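For my numbering, add 1 to where a residue sits in the sequence shown, where the first one is 1.
Note that the Cβ used here is the ideal one computed from N, Cα and C, for glycine as well.
Quick caveat: nothing in here was measured; it's all calculated off a predicted structure.
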Amino acid sequence: TAMADCLNEIASRMGRREIVMIFSDFFTNLDELEPILQRLRYSRHEVVLFQVMHHDELAFEMDGMVKFVGLEVPEELLAQTDDLKRAYLLAVKKFNDHFQEIAQRNGCERVLVDTRRSMSELFIDYLNQRSMLNRGR
2 TAMADCLNEI ASRMGRREIV MIFSDFFTNL DELEPILQRL RYSRHEVVLF
52 QVMHHDELAF EMDGMVKFVG LEVPEELLAQ TDDLKRAYLL AVKKFNDHFQ
102 EIAQRNGCER VLVDTRRSMS ELFIDYLNQR SMLNRGR
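Spelled out as structure tokens, the structure:
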């Protein structure tokens with residue numbers, strides 16, 4: 002709800018027809034996020050969702066016994082990665098597919114960002130691509 006509350010606050014201060022770019026991993030309750038996206042689109046804002054994920058979160062290229070340390074909660078987990086990899090990647094795919102559906106349903110653009118690329122490089126590429134698409138209109 003923190004993300005939904007924050008975006009609601011921002012939306013209440015905005016005028017109309019602005020470009021709203023949100024950078025996050027979006028690991029939040031997507032059902033709470035969707036009404037805010039609807040509100041932004043209803044106010045005629047263009048919404049771009051940059052979903053930033055660490056490469057390890059996307060590829061899970063770890064092998065053997067690994068100690069996972071929580072960044073947002075003080076927990077540690079020692080696990081055999083072979084047992085987790087398939088289930089983890091399936092869960093990430095399911096989450097990302099659901100997020101993509103919500104973005105499409107609400108007329109938002111979603112850009113998946115792998116942190117292996119620098120944000121400046123990615124953002125410049127994105128703006129160039131946007132510029133080329135707008136020239137074709």
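{"Check": "How about the segment 75-93 and the segment 3-22: do they share at least three Cβ pairs that are nearer than 8 Å?", "Outcome": "no"}
{"Check": "Is the segment 34-54 touching the segment 70-81 in the sense that three or more CB pairs, one from each, lie closer than 8 Å?", "Outcome": "no"}
{"Check": "Could you check the C-alpha separation between Gln105 and Cys7 for me, to the nearest Å?", "Outcome": "22 Å"}
{"Check": "Take every Cβ of the segment 26-38, pair it with every Cβ of the segment 117-128, and state whether three or more of those distances are shorter than 8 Å.", "Outcome": "no"}
{"Check": "Per DSSP, which one or two residues make a beta bridge with Val49?", "Outcome": "Met22, Glu110"}
{"Check": "Going by beta carbon distance, what residues of the same chain come within less than 6 Å of Val112, once the five residues before and after it are set aside?", "Outcome": "Phe51"}
{"Check": "Between which residues of its own chain and Lys68 is the CB-CB distance below 7 Å, once the five residues before and five after are set aside?", "Outcome": "Glu77, Leu79"}
{"Check": "The beta strand (DSSP E) that contains Glu77, what's its start and end?", "Outcome": "77-81"}
{"Check": "The alpha helix (DSSP H) that contains Phe69, what's its start and end?", "Outcome": "From DSSP, Phe69 is part of no alpha helix (DSSP H) but of the beta strand (DSSP E) over 66-70."}
{"Check": "Taking Lys94 as the reference, give the member of Gly108, Ala60, Thr29 with the closest Cα.", "Outcome": "Ala60"}
{"Check": "Keeping to the same chain, check which residues put their C-beta closer than 6 Å to that of Arg40; ignore five residues upstream and five downstream.", "Outcome": "Ala12"}
{"Check": "Among the residues of its own chain, which have a CB less than 7 Å from the CB of His99, if the five just before and after it don't count?", "Outcome": "Leu31"}
{"Check": "Mind checking whether Thr82 and Asp57 have CB atoms under 7 Å apart?", "Outcome": "no"}
{"Check": "Report the CB separation of Met4 from Thr29 in whole angstroms; it is logged as a contact under 8 Å.", "Outcome": "5 Å"}
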